[in-house]
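S.K.: Can you read through this structure? Questions will come right after.
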Amino acid sequence: MTLGVNIDHIAVLREARKINDPDPLMALGICAQAGANQITIHLREDRRHIHDEDAAKIIASSTLPVNLECSINPDIIDIVCSLRPHRATLVPEKREEVTTEGGLDADKYFDMILNAINKLKKHDIEVSLFIDPTSEAVELSEKLGAQWVELHTGSYANVYAMRYSSLPHTHHSIEALKNLSRTQLDQKLELAYSCIVDAANLARSCGLKVAAGHGLNYQNVSTIVDIDTIEELNIGQSIIARSVFTGLFSAVSEMKALCKR
Ligand code: PXP
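What follows is the structure in structure tokens.
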């Protein structure tokens, strides 16, 4: 299983101060040394974290392939074509969302997606579609000529979090699960998992390469790793969140050393 590390959240932290610290570019070497196989970034229409300049520098400097997530907006697709990442993952985008909610509606936006795929392929950029784990979405992805699908694991992750984690969850997609019993959550979890397995198997049998991501963390990832038709995971939030704590000791120690007279 290969690992794409989504470094958007480093830029989220930078944007809190609007200075270039932490610089997402600094993450490239560390991720590569730690065994990551890919760097994933999302150039959102509102540029809320990664900016065009970040994307250009990351693509130019990364020793790992860069997977650039983007919407199907033709202006964005033109920018992505000029940036020439290794892969573009087309995702649905809503301005008001906290993060990507749900997969692409490949039926509704068929023509727009097709135009985007054709343009990207002309620029030698591999194309992946971020889809919900359903047979319809997989079949449409094949029809559209995508080389990859990335299966949205958000529903699985949400149910998993509600069933096993004691953290307070405030996101609205989790809110809907709050009143379910353990048995109901177990059933939902099994269903969400089997949808991912079935979609991955179908995609692979259609000749598509299969990635998965969204909401994967140190607790819920191993059952997804067990699905052998999935060859790549893209993980961001949980890795960057953990790095705050695993890196805090040395960050405080280094500053404390500088504070010595
Ligand atoms: N894959 C895609 C297509 C995404 O949009 C995201 C979120 O930016 C991820 C993977 C990573 O999700 P998370 O940050 O929850 O690990």
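Just so we're on the same page, this note's numbering is the position in the sequence shown counted from 1, plus 1.
A virtual CB, placed ideally from N, CA and C, is assigned to each residue, including glycine.
1. Which of helix, strand or coil does DSSP assign to Gln238?
2. What number of angstroms, rounded off, separates the C-alpha of Ile40 from the C-alpha of Val6?
3. Among Ile231, Leu4 and Ile11, which residue has its Cα nearest to the Cα of Ala242?
4. Is the number of C-beta pairs between the region 183-192 and the region 134-148 that are closer than 8 Å three or more?
5. Heavy atom of the ligand PXP less than 7 Å from the Cβ of Thr102, yes or no?
6. Decide yes or no for the touch test of the region 70-85 against the region 107-126: beta carbon pairs closer than 8 Å, at least 3 of them.
7. Considering only residues of the same chain and omitting the five flanking positions on each side of Pro25, which have a CB-CB separation below 6 Å?
8. Check whether the region 192-209 and the region 140-150 are in contact - that is, three or more C-beta pairs closer than 8 Å.
9. Within this structure, are the beta carbons of Ser239 and Tyr219 separated by less than 8 Å?
10. Examine the Cβ distances between the region 217-232 and the region 17-36 and report whether three or more of them are shorter than 8 Å.
11. Is Leu217 near the ligand PXP, with its Cβ less than 7 Å from a heavy atom?
12. Within 10 angstroms of the Cβ of Met256, are there 16 or more other Cβ atoms? Answer buried if so, exposed if not.
M.R.: The relevant details are as follows:
1. helix
2. 5 Å
3. Ile11
4. no
5. One point to set straight first is that residue 102 is Glu, not Thr, in the sequence displayed. For the ligand PXP, not one heavy atom lies less than 7 Å from the Cβ of Glu102.
6. yes
7. Ile8, Ile11, Ala12 and Asp55
8. yes
9. yes
10. no
11. yes
12. exposed
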